[in-house]
Amino acid sequence: MRDGTVRCWGQGNEGQLGNNLGTNSGNTPVTVSNLNNVMQLACGHSHCCARRSDGTVWCWGRNSSGQLGDETTTQRNAPVRVAYLTNVVHIATGHNHSCAIRQNGTTWCWGANGSGQLGDGFTTNQLRATQMPNFLGATMLTAGEGHTCARMGDNTVRCWGRGTEGQLGNN
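In my numbering, the protein residues as written are 4 to 174.
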């Protein structure tokens, strides 16, 4: 919204509406609790994340793989701050993972990692934001069910994670 708040509607049984209730809203928009100054919003399968004007990231909803970045796997019906992550300029959410670009050009991801979609060289889920090693210069991210892609500063695209249906674009 223009006032920096967020409204969600639809299925909410996993907390993805962020209104602190964990119930469905149908077609009626509800205000996400305790969240303002939102500059960007990204939603995955059953979770959402918001980037605030102060560079912090707040997430809510399903957290079975740590996709909320609060160092737990506890479902959250209202936004919680992603631990230890500051100066964020861009966010993206996939099916059960989330990623962010910080002002210094580093990329950080958390949540499900069974296909390597976090880009950290492992396939272990991460409950807190983890920096991608040796990866600088992304300007935009997008994420899918088991993969993540970045537009780089030179306008090339780099992707990682599951590519069984060609989603990595590497033939």
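Beta carbons: idealized from backbone N, C-alpha and C, even for Gly.
### Query
Are the beta-carbon atoms of residue 60 and residue 52 separated by less than 7 angstroms?
Between residue 60 and residue 52, the C-beta gap is smaller than 7 angstroms, which places the two residues in contact.
#### Entry: Reduced DSSP secondary structure (H/G/I, E/B, other) of residue 30
Collapsing the DSSP output to three states places residue 30 in a strand.
### Query
In this structure, does DSSP put residue 10 in helix, strand or coil?
Per DSSP, reduced to three states, the secondary structure at residue 10 is strand.
### Query
What is the DSSP secondary structure of residue 146, reduced to helix, strand or coil?
If DSSP states are grouped into helix, strand and coil, residue 146 belongs with the strands.
### Query
Does the beta-carbon of residue 14 have 16 or more other beta-carbons within 10 angstroms, so that it is buried, or is it exposed?
If you draw a 10 Å sphere on the C-beta of residue 14, you find fewer than 16 other C-beta atoms in it, and that means exposed.
### Message
When you compare the CB positions of residue 40 and residue 55, do they come within less than 7 angstroms of one another, or not?
### Response
Contact flag set, yes.
### Query
Does DSSP put residue 138 in a helix, a strand or coil?
In the structure shown, residue 138 sits in a strand (DSSP, three-state: E or B).
### Task
With DSSP collapsed to three states, give me the class of residue 43.
In the structure shown, residue 43 sits in a strand (DSSP, three-state: E or B).
### Message
According to DSSP, is residue 68 part of a helix, a strand, or is it coil?
### Response
Here residue 68 carries a coil assignment [DSSP, helix/strand/coil].
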